[in-house]
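These protein sequence lines are chains A and B, in that order. Residue numbers for the first sequence follow our numbering, beginning at 13 and rising by one. Residue numbers for the second sequence follow our numbering, beginning at -17 and rising by one. A quick write-up on the structure given underneath.
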Amino acid sequence: MKIMDEWLPTWILLAPLIGIILLLLTPKQKSMIHRVIGILATLPSLCLAIWMYLQFDQALDEWQWIKSVHWFQIPIGFDHAWEFTYHMGVDGLSMPLVLLTGIISTLAAIASLYIKENTKRFYILFLLLETSMLGVFLSANLLLFFIFFEVTLVTVYFLIGQWGYFRRERAANHFLIYNGIGSGFLLFAMIGILVTCETLEIPMLDERISALMAGDPAIFWLIFLAFLLAFAIKLPIFPFHSWMLRVHVEANPAIVMIHSGILLKMGAYGLLRFGVEWFPTFMKEAAFVLAIFGLINLFYGAILALVQKELKRMLAYSSISHMGIFLLGLAALNQIGLQGALFQAISHGLISALFFFLVGSLYERTKTTELQELSGIAKITPIFSGIFLVAGLALLGLPGLSGFISEFFSLLGLFQQLPILAAIGAIGLVFAVSYALRAVLKIIWGPTHERWQQLSDLRPFEWIPMMVIVFLIIAIGIYPDLLGKPMETTLQTIALRIGG
Amino acid sequence: MDAITNINWMYLAPEFIILSAAALLLLIDLVLKPQISRRYFGIFSLISLIWAGIYVGWLFDKKERLLGDTYLLDSFSATAKLLLLTAVAFVILITLAFRNQDFEAVEGEYYYLLLLATLGGMVIVSSADLITLFVGLELLSISSYILVGIRKTSESGPEAAWKYFVMGSVASAFILYGMSFLYGFTGSTNLFTIKSETLQISQSGYVLYIYLALFFIIFGFGFKIASAPFHTWAPDVYQGAYTSIASFLAVGSKIATFCFIFRFFIGEWHVILQPILLIVASASMIIGNTVALMQTNVKRLMAYSGISQMGYLLIPLAILGNLFMESTFYYLLAYLFMTMGAFAILFLVTEDAKSDEISAFAGLYHRSPWLAFLMSVFLISLAGFPITAGFLGKFYILMDTLHSSLQYRWLVAIMIITTIISYVYYFRLIRQMYLRKPVKTEAFPISWPVGLVVLISFIGTIGLAIMPNWTMEIFSQIKMFV
């Protein structure tokens, strides 16, 4: 068991690769086998991630399951070399996100059952994507983080470009270019960190940066801004959001589950990890601007979501709006606000995954997601409509569901710092109620169109995974400590450093 | 005469092996009946290249000045020669798979000219004297002109050869003119004497002439390695020449010339040269990557891609940071693997489709998933995505640049931005392979020599990224005469 324990993050990372090897050995036409392998291959990672979560020492504010292996070095001068390591581990910030990745990957693999073409290739890419996403959150070395970050870019490019809707290729190109620019900033920041701090080990860097910052803050401002821009594009923050709309609308719903559920959260993770944790003083100076951008995101997304005529587009704008709340929590820069931000990242990940699962199953039956054409399907498909309603209520932040907790924490945190902005932000939540209810009610109630009389309801393979998400959303909603405890100690330490 | 009689001729074994192989092939070609196939010339050339490579490896640690200080033997030139020989071996392997009636008529010439060009390259990287250098350079260039022109039946072949010849001669003339200035100042053709004396001369009021001389030389060499703004010949020539020759020009000839530039520019006069090198590097990155966006012909695309890669490669030379030797050779090796791999697949695809257009790649995935996958790896490496040598090579260069001085931020910014621009055209090719329907449906024939090139290149591209330490350690041992 020792080897199991010591290398746990690596096992989580490598488990999906077994599925890839098996898939390579199966013939091209056997779609059913590909699907079974694809879904089963996500399970070991999920189980190990849950096990890790249960074993996670909540009182410790350090990295856990650290495993570091020398990879290569670059000699600088005669007796001095920069070490690069394969370095894995988790802390309170990444632990919840690893778990989220495990859960949503499995569910998205199930949601991918709707995919009919080239299933072998799809699941190979899908599992590669899962590995790289887990790698992003498990890396304790910035170079490793960057490598996995880039691998997600390439795999998602293929996944959007091949299995989406009509204008999928354009969406894939936009995705590639915008995120390419983002990773360009990230590369710049990484090299900046390397040449100034001479290491890329994430656990060591926060102290080293604060020590060096006293000497020459100018270059660190540049690095900080590069990090900020890189993850602002990923999140996305207001002027950089157009690629994300295209992806939401044009990609296959199963991919959007991953994209909206996890990939956008890499931006959130990056802002917390490399923004707040490494540059607390700069973050403090930027907090007001971030809060303003948070409000812009919140209102812009919400107002545009209100007028959309198509469900996926509405959800895309609502994602922008929700990331606004994340930014508000981030800008609070106190423990409760940061907790709210991380809660928001996870809660929104779950909610949007649920929604796009529903969208996928809806499109499978109706071949349309236009709000104009859909109405009154509650009578014909009660299970679908029930889950859809819960998802809608979670989206608008009903107390008792996870969305409420995260919005509440974020705004509560901000109230302590910038009460006026927090008050304006609270008004924005009203919009959430209107756009969420508008879409949900329009689809499930109202007169039933003749076209939808023959609609079939959800089958067990669809509603069981959906119920899992619903259960999680409710569980977090009524017992936030389930998620809050592991991150508490880490966030406490960060908040203390900001205060001090 | 002492200089010539008192040397260990074993030191020149690699050059003599190539020379005798070329001479032997020339003679056999002369006496052999025209209807007999010259295919075995290729295998013979391959053996001579490997043999020469073994000798180069054996001489790796020697540090000698031969023939009256005109010819150098150091680990720098040995590494450069090994890269060159590998590249030429790849070119010959690709050629072995080439079946074409027009080509078979000139096959004999093809192999010995290629060997002579290789010899020229080997002389260039070892030369420490302007005259030796020029002999090597012309041997390489003139052989290359003929090799381009060997494709007589294609419309664009003779045009390409003519363009290459005229512009190449002008470039050679510029180099010669610049050299005559240097000789005039110092009274010597020896590189080291010139280097040590020019700085004194520049202080005595002739600085403008030094600039002029160096500008002429940079102009000429800039042409030979196809860096902007001296790049315009490359797309036309690549398009007109046989794919194997295009790959030789893109890799072999560039590596040889680049390594000499390296030796030539390092030294005390680097201060004078740095601004020009920075301009050429930036121009190559910007022009190469932006003009590539508009290309619909794959060979032209590869030409522009090569121009931008030269831009990246010139950065360590312009900056001379701590790691300039390691990062340059690492990137050269990565460039060798990824470009040769891409050219090998490009050769297969264009031969099959009888077209050089991007659309020749349409639906390659459906016909040969492995080939499409490998091509994607090479393109992704050229674009600089991780887990490939291309990424780590760029990472080294960027890191070295920023580490040597923060004032080169703008250069780092140009490199990152142009890299992102390059995603567009590399991925356009990838899109063709995966997202378009193929014109033909039958499986793709892959002959073993090309398959070997692709396999080795793939292992190199990925292996260099996973185990960079191994190569970096070798490259950090490289010593050169300065």
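Yeah, the Cβ is synthetic: ideal placement off N, Cα and C, and Gly gets one too.
- The Cβ atoms of residue 353 of chain A and residue 441 of chain A lie no closer than 8 Å to each other.
- Residues are counted here when their Cβ sits less than 7 Å from a Cβ of chain B; for the stretch 449 to 466 of chain A the count is zero.
- By the Cβ rule, the stretch 132 to 139 of chain A counts as touching the stretch 166 to 173 of chain A, because three or more pairs are nearer than 8 Å.
- Nearest CB-CB separation between residue 199 of chain A and chain B: below the 8 Å threshold.
- In this chain, residue 345 of chain B is not harboured by any beta strand (DSSP E), its DSSP state being neither H nor E.
- Cβ proximity to chain A below 7 Å picks out 362, 367, 368 and 369 from the stretch 349 to 369 of chain B.
- Using a C-beta cut-off of 8 Å, the stretch 301 to 314 of chain A makes contact with the stretch 326 to 337 of chain A, since at least three inter-stretch Cβ pairs fall below that distance.
- Residue contact check for residue 245 of chain A against chain B: no CB pair falls below 8 Å.
- Interface annotation for the stretch 293 to 305 of chain B against chain A: 304 and 305, criterion Cβ-Cβ distance under 9 Å.
- Taking C-beta separations shorter than 6 Å and ignoring five residues to either side along the sequence, the partners of residue 434 of chain A in its chain run 423, 426 and 427, following chain order.
- For residue 98 of chain B, the secondary structure class from DSSP, reduced to helix, strand or coil, is helix.
- Runs of the alpha helix (DSSP H) spanning 4 or more residues and lying entirely within the stretch 62 to 135 of chain B occur at 83 to 87, 89 to 108 and 112 to 131, in chain order.
- Annotation: the continuous alpha helix (DSSP H) that includes residue 347 of chain A extends over 347 to 378.
- For residue 47 of chain B, the enclosing beta strand (DSSP E) stretches over residues 46 to 48.
- About 7 Å separates the Cβ atoms of residue 188 of chain B and residue 167 of chain B, confirming a contact at the 8 Å cut-off.
- Look at residue 246 of chain B here: in three-state DSSP terms it is helix.
- Fully contained in the stretch 211 to 264 of chain A are the following alpha helix (DSSP H) runs of length 4 or more, in chain order: 214 to 225, 229 to 246 and 254 to 262.
- The C-alpha of residue 371 of chain A is placed about 14 Å away from the C-alpha of residue 270 of chain A.
- Near chain B, meaning a CB-to-CB distance below 7 Å, no residue of the stretch 127 to 148 of chain A qualifies.
- In terms of beta-carbon proximity, residue 16 of chain B stays away from the interface with chain A, with every pair separated by 8 Å or more.
- Against chain B, a Cβ distance below 9 Å from residue 419 of chain A picks out nothing, because the smallest value is about 36 Å.
- Ranking A:258, A:155 and A:125 by CA distance to the CA of residue 189 of chain A puts A:258 first.
- The beta-carbon distance between residue 232 of chain B and residue 325 of chain B, rounded to whole angstroms, is 7 Å. This is short enough to meet the 8 Å contact definition.
- Look at residue 87 of chain A here: in three-state DSSP terms it is strand.
- In chain B, no part has a C-beta under 9 Å from the C-beta of residue 101 of chain A; the shortest such distance is about 20 Å.
- About 19 Å separates the Cβ atoms of residue 266 of chain A and residue 485 of chain A, ruling out a contact at the 8 Å cut-off.
- Any Cβ of chain A closer than 8 Å to the Cβ of residue 271 of chain B would place that residue at the interface, and such an atom is absent.
- At a cut-off of 8 Å between beta-carbon atoms, residue 450 of chain B makes contact with chain A.
- Within 7 Å of the CB of residue 458 of chain B, the CB atoms of chain A belong to 87, in sequence order along the chain.
- Taking residue 318 of chain A as reference, the option from A:446, A:237 and A:373 with the minimal CA-CA separation is A:446.
- CA-to-CA, the gap between residue 340 of chain B and residue 28 of chain A works out to about 34 Å.
- The beta-carbon of residue 396 of chain B is placed no less than 8 Å from the nearest beta-carbon of chain A.
- Scanning A:321, A:509, A:460 and A:340 for the CA closest to the CA of residue 451 of chain A turns up A:321.
- Linking residue 508 of chain A to residue 368 of chain B through their CA atoms gives a straight-line distance of about 36 Å.
- In the structure shown, the three-state DSSP call for residue 46 of chain A is helix.
- A residue is called buried once 16 or more other Cβ atoms fall within 10 Å of its Cβ, and residue 325 of chain A is buried on that count.
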